[in-house]
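Undergrad: Chains as they are written, first to last, in the working numbering: chain A, 82 to 808; chain B, 1257 to 1419; chain C, 809 to 1103; chain D, 745 to 897. Glycine included, every Cβ here is placed at the ideal spot set by N, Cα and C. Computed from a predicted structure; not experimentally measured.
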Amino acid sequence: MAHRIVGQRFGRLDGADKVTGAARYSADVTLPGMVWGKALRSPLPHARIVRVDASRARALPGVLAVLTAADVPDLLVGRRMFDMPLLARDRVRFVGEKVAVVAALDPDVAEEALAFIEVEYDELPAVFDPADAIQPGAPLVHENPGAYHGAPAERPHANVQSVLRFKLGDVDAGFREADRVFEHTFRTQLAHHGYIEPHAGVIALDEDERVQVWASNKMPYRLKELLSHALELPPARIRVNLTPIGGDFGGKGSLMDLPLAYHLARVTRRPVKMVMRYTEELMAGNPRHPSVVTMRTGVTKDGRIVARRATALYNSGAYAAFKPAPSVNLGGTSMGAGVYRIPHLLLEGFCVYTNTIPCGHARSPGEPQMLFAEESHMDMIAKELGLDPVELRRRNLLRDGDALANGHHLEHVRATETLDAALAASDWAKPKPRGVGRGVAMGHRHIGVGFTNAQVRLETKGTVTLTIGLPDTGTGAHLVLRQVVAEVLGLSIDEVQIELATTDLFETDSGVGGSRVTHTGGRAAFHAAEKLKEQIHAEATKLGTPDASFATIAQAAAREGRTLEAVHFYDAKSHAAVTSFTAQVAEVAVDPATGQVTVLRFTTAHDVGTIINPLGHQGQIEGGLIQGLGFALMEELQTAEGRISTLSLGDFKLPTIRDIPPLTTVIVEDAVGPGPFRAKAIGEGSISPVAPAIANAVADACGVRIVDLPITAEKVYFALQDRKGRS
Amino acid sequence: MGGSPSRRASFRVTFTQECVIPVEHERLWNFLMDVPAVGRCVPGVQTIEAVNGSVYEGELKVHVGPIRLALEGTITVEEADAPAGRARMRAEANDRRLGGGIRARMSLTLSPADAGTRVQIDTDLAVLGKIGEFGQPVIKKKADAILDEFVRNVRSHLAAVTP
Amino acid sequence: MIAFDYRAPRSLDETLAILQEYGDEARVIAGGTALVTMMRQRLAQPACVVSVRGVAGLGRIEATNGSIRIGALVTHREAECSPLIQERLPVLAETFRRVGTIRIRHMATVGGALAHADPNQDPPVTLMALDAGVEVQRAGGGRELPVAEFFRDYYESALEPGELVTAVTVPLLPAATGASYVKFLPRTADDYATVAVAATVTLEPDGEHCREARIALGSVATTPLRERAAEALLSGARLGERLLKAAGSAAKTAVDPLDDHRGSAAYKREMTAVMVERALTQAWAEARRAARASG
Amino acid sequence: MIRLTVNGQAHELDVPSYRTLLDCLRYDLGLTGSKEGCGVGVCGACTVLLDGKMISSCIALAVFADGREVTTVEGLAEDERLHPVQQAFMDAGGFQCGICTPGQVVAAKALLDAIPHPSEAEIKEWMLGNLCRCTGYYKIVESIQAAAGQARA
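Encoded structure:
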């Protein structure tokens, strides 16, 4: 089907505010009389709070309020499992946990006041490693987590938050069928999302005592619900005002400091702004879970995988509160099966409490961890079997009708085509110089589900306004939605405007996340636009001029006091039977004298649906890929005894413009997605296979296998030395 | 598998200092248990006074370039076993302006040596809060230097009073 | 940050008088990149900040007899882009170019980089290898000392309270001399060095023997280091790959690096050997070129 | 009391000694286009031009800018017409979330002022200090190349 607007490469038409500095992010919201909130954080990983004395801080000029746990309600908050206090009450469980909060006339005075709050701690035994935490007799991070609201039932140890399990066939029987069994263990690091906008929020009580909220949060309706609980107020008393979000990547869905900002606003009777310093982000944001993954695979002589068991221990930190999934776990655990048909499968993810930073969701939660293990493991098996790593993959790739780990049977499987496309574009078979290696890795990502309201209204000037409760986290989603409406109604893109609803307008919305927006927002907008189109036709018929302009039609209705508008609520509960495959090839050079890895070129192939905006689509691929590159090579929140030492972007390094490799992107079009005009999703498709592709390329280049991320020059160097020593 | 043993920067620093002091066990022990006197061997100590039999209060100033720490806190003698020549102490101190502080556990072990008495000092130092957040490598190096000078001072002090 | 007195004198005499008055309580700010960052982190809380930016006469780059004199207020970017430095001491221009980002180089000054005494900075390493001298003024007098004697400890220099760095004097390279600066960046392009090495090699007229070599190291101890043992191996010797490798091995025993986010002490020690060898190889190649050009 | 000229407009302000230039722009003058990201001069979200040279306003004191001229992202567009760099970032997908964009466009404008037709290497060296977490930088390079082409035309 040929489209007019869908598939056209639109620049960021919605971006004038962003390039001129006019866009108001949460931290930019300034209200009359506004004051600043700052939090005092625990310096210890596990301790009893013996005494808090805020009297000297309260006496400082410019300080309006100091709150401790005694001054806020004794309740627990969370996105799914409610286990986190507003302020530490009797004990602190990680370095960076909030103990007190100050409101002052300026941010420097508020920070100064923190130094005057005296807290006496009695240090408790702490546990930092998830493997230690699940031993009998390990220090307990929480005494009775099963009692928390939202806590899953299964709990093999009091330090286990949750268990997520995927099962196919009979794994023990499967291993008995195998000729060879391979087992390897992998580790991935703690890593922050790296969004440049730290969490920010402004809370004001208006003249009707309603709570007005501006926050860097991508799920405004869920935020309203969570705030209603945290603030013990009916939802109607809370209004979330949508603002642009300065990068999300999974990290901007929690309450963060908002309940404290509210209590400061309540006490001071002033609007309160709380903006985290980047140091606080790195110390107490909600980063990607570190993992220890053990992969065990049974293979027949001819390279067919018959059984797999994958076990992931995720270091979840001191609270489960930041995880939004009903499982209170990471869905990426299912990626232990990779892109392969495996008849007997047992995949398990354990989220474990420790006295470290509480982790949350990050772009394709759990997948970069699992796929690093899984796709490295595949190459290690191929090597042991004396098989080409591509050939081992080919023999096991998913095909039409195969089941994923979650039991869903797939249609329109394009795994082989995607792999072939990546290999062809990367010159996989071409000879390469000494010290240069190539590595391949694959993955797949579902098309997200959720629910969204969209409202479309015909304006008297003949344009259409789309009203939506979804913020744009930077993906260009709003432009995609405008394209969908323009396509349906036969308008130009400029004739469709977008308007952001506050949480007063709609009943609910699942917000941004999980690769869902093009699908759910797109379908809501599509069906709303279809409804409006019918109304317009009916109206034209009534007027007796079927080819009347939209303006004429709208004006005619307006004269009768009517507005032509339509709302559609789209709710996708279960995943479609399709997925999106990714195949990537890294070509690297390894400097044998230093261990330094240079990515010479990178190829990424994607099996996609109808592309609505090619420019935005490509932007998602490129951005995710460079995040994957950072995760593979450099990004790490280094910790020792629960304390993070990389507390600035000078120490926690993100890739710069000079660290990006030449990139080839291949699009394998298929056009069978569940989104509008059969679109699929792309936001989380490019990040996960990058690290294993690079690890496999390093192994190819110099023979050393790095099984713990990031792949630093130092690790490669010492591994090379070890190998030299052995030979 | 790759990776060198001590790849990460730690917040916790452990040192062992060892030296032989040319005095007999009992005199050395008595000197070392005189906390204010020993305290004055720590470079930068401003004051140190007994609060009771096992708790002492004091102030230590440390400069690292533009960073000025004024650490106020306590030293608690947790164990003092004279016959065994073994003592354990805990020090906790905070800098109010910077926000943050240090916690240290020290254990002292005396044992006979050819030319006097061997002293072994094991220190486990944690640097917390603002100080620990940014100045880690600096503070670590500084703590090492302070402890070095302390041992030198103890030696020269005892050498001076040794007949 | 917490409040402090802010002074912005216009002349050197006025500056020195203020520094004398405040002594240890005053901190000089030129570009501010280092001090303001520390103040924002609440690590430094000076009672008085003296901005010397407006002080006349400290911003010149000039050729004097046999050397280039760079005023303390010259920014890294000005030094990097100075035609005089680019032409006469290209290694120094290149070193300034390797500092952080252009934004930082627009702010940070030559004097500030020395006074801050951070062993992870780039310019002190090359200045040390080039045998530069630091001019220091105080109320009623001044002194000059070699860069090699300027650094005392982490963030600590030989500057006494009341003293101000006013210039650095860098001798031009002798004939048949090559110089290099190698910055090892295994993470990102904008990072501090894991190991940095500056080297010079001066050839004898035979073009094969080394008359003198100078090696300075950054990021491998609490201060930048001049590595004299490795220099001694080269001096008078016939240059060759094995000798340069030996010099690298000698250097690695001299360093005392910290474990940090840019590498463990053990790794930095190994990389010292590699980078010294690479820096010498480059400097030697430059020296041969220089010898050919002049001969 | 300090005097600042910001985007051509003169201001006299009474600010505490500890106020950063960034906070002064954002809160004393209401120019919230410049952002605070890392707060330590690394990320570039606070990039402004001081007397025409790009600096990190988060680690510059407001008093330090006394008597000088500051250009922020709000000062790039002339009347309603976007600066070519701003237009190019929109057309070529040079941003996504937009939080780093004010710093990127200020830096890119300074680049094209200094080098009207930069090579890719020159673009990457100049823009090294402006982190972007959304785009992976490819489209930022393309945006600047497009802006340079436009300026040529």
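1. Determine, using beta carbons only, whether ALA104/A comes closer than 8 Å to chain D.
2. Between GLY595/A and the rest of its own chain, which residues show a CB-CB distance below 6 Å, the 5 nearest in sequence each way excluded?
3. Assign THR435/A to one of three DSSP states: helix, strand, or coil.
4. Can you find a CB in chain B that lies within less than 8 Å of the CB of MET1083/C?
5. Cβ of ARG1361/B less than 8 Å from any chain A Cβ?
6. Roughly how far, in whole angstroms, is the beta-carbon of TYR989/C from the beta-carbon of THR934/C, given that I think they are within contact range, below 8 Å?
7. What does the Cβ neighbour count give for ILE686/D, buried or exposed, with the cut at 16 atoms within 10 Å?
8. May I have a chain-ordered list of the beta strand (DSSP E) segments no shorter than 3 residues that lie completely inside the stretch 887-968 of chain C?
9. If you drop the 5 nearest sequence neighbours on each side, which residues of the same chain put their C-beta closer than 8 Å to that of ASP483/A?
10. Can you tell me where the alpha helix (DSSP H) holding VAL786/D begins and where it ends?
11. At 4 residues or longer, and completely inside the stretch 627-679 of chain A: list those alpha helix (DSSP H) runs for me, N to C.
12. For the stretch 855-864 of chain C against the stretch 812-819 of chain C, do three or more pairs of beta-carbon atoms, one drawn from each stretch, fall closer than 8 Å, so that the two count as touching?
13. Do ARG519/A and GLU765/A come within 8 Å of each other at the CB atom, strictly closer than that value?
14. Near VAL244/A, what residues of its chain come up, given a Cβ to Cβ distance below 6 Å and the 5 sequence neighbours on each side ignored?
15. Answer with yes or no whether the minimum CB distance from ILE912/C to chain D is below 8 Å.
16. Tell me which residue opens and which closes the beta strand (DSSP E) that LYS734/A is part of.
17. Quick one: does LYS299/A have its CB under 8 Å from some CB of chain D?
18. Going by DSSP, what residue range makes up the beta strand (DSSP E) through VAL1294/B?
19. Pairs of beta-carbons, one from the stretch 163-182 of chain A and one from the stretch 120-137 of chain A, closer than 8 Å: are there three or more?
20. Using the Cβ count rule (16 or more neighbours within 10 Å means buried), how would you classify THR149/A?
21. Whose C-alpha, out of LEU824/C, GLU1035/C, PRO898/C, is nearest the C-alpha of MET1083/C?
22. Identify whether ARG1264/B lies in helix, strand or coil by the three-state DSSP scheme.
23. According to the Cβ coordinates, are TYR947/C and PRO931/C closer than 8 Å?
24. For THR816/D and SER415/A, I'd like the C-alpha separation in whole angstroms.
25. Between the stretch 845-855 of chain C and the stretch 1313-1325 of chain B, can you find at least three pairs of beta-carbon atoms closer than 8 Å?
26. Look up ALA1024/C in the DSSP assignment and give the residues it is bridged to.
27. Specify whether the stretch 640-656 of chain A and the stretch 707-726 of chain A touch according to this definition: at least 3 beta carbon pairs, one from each stretch, less than 8 Å apart.
28. Can you check DSSP and say which residues form a bridge with ASP210/A?
29. Assuming MET834/D contacts ALA97/A (C-beta within less than 8 Å), just tell me the rounded distance between them.
30. Within the 8 Å Cβ cut-off, does ILE1402/B reach chain C?
31. Taking C-beta to C-beta, are PHE662/A and MET451/A nearer than 8 Å?
32. Going by beta carbon distance, what residues of the same chain come within less than 6 Å of GLN753/D, once the five residues before and after it are set aside?
33. Given SER769/A, which residues of its chain have a CB within under 6 Å of its CB, disregarding the five upstream and five downstream residues?
34. In whole angstroms, what is the alpha-carbon distance linking ASP628/A and LEU539/A?
35. Who does THR1272/B pair with in a DSSP beta bridge?
36. Mark ASN225/A as exposed unless 16 or more other C-beta atoms lie within 10 angstroms of its C-beta, in which case mark it buried.
TA: So, from the data block:
1. Closer than 8 Å to some Cβ of chain D, the Cβ of ALA104/A qualifies, so yes.
2. GLY529
3. Residue state, collapsed to three classes: coil.
4. no
5. Answer no: the Cβ-Cβ gap between ARG1361/B and chain A never drops below 8 Å.
6. For TYR989/C against THR934/C, the beta-carbon gap comes to about 5 Å, under 8 Å, which counts as contact.
7. Residue 686/D cannot be examined here, being either before or after the span of chain D that is shown, 745 to 897.
8. 941-946, 949-954, 959-961
9. ARG422, HIS490, LEU491, VAL494
10. Here VAL786/D belongs to no alpha helix (DSSP H), and DSSP marks it neither H nor E.
11. 631-640
12. yes
13. Not closer than 8 Å, so no.
14. GLU235, PHE431
15. Judged by the 8 Å Cβ criterion, ILE912/C is in contact with chain D.
16. It is not in any beta strand (DSSP E) - LYS734/A carries neither H nor E in the DSSP assignment.
17. Under the Cβ distance rule, LYS299/A does not count among the residues neighbouring chain D, no pair being separated by less than 8 Å.
18. It is not in any beta strand (DSSP E) - VAL1294/B instead sits in the alpha helix (DSSP H) that spans 1291-1295.
19. Result yes; three or more Cβ-Cβ pairs closer than 8 Å.
20. buried
21. GLU1035/C
22. Bear in mind that the predicted position of ARG1264/B carries a pLDDT of just 38, short of 50, making it too unreliable to give a figure here.
23. Looking at the sequence itself, residue 947/C is Ala, so the reference to Tyr does not match. No, these two residues do not count as a Cβ contact at 8 Å.
24. Rounded to whole angstroms, THR816/D and SER415/A show a C-alpha spacing of 47 Å.
25. Three or more beta-carbon pairs separated by less than 8 Å link the stretch 1313-1325 of chain B to the stretch 845-855 of chain C, which places the two stretches in contact.
26. ALA1024/C is bridged to ALA1006/C, ARG1034/C.
27. no
28. Per DSSP, none; premise fails for ASP210/A.
29. 7 Å
30. no
31. no
32. none
33. Only SER445, GLU448, PRO449, LEU452, GLY524 meet the Cβ criterion.
34. 16 Å
35. ASP1378/B
36. exposed
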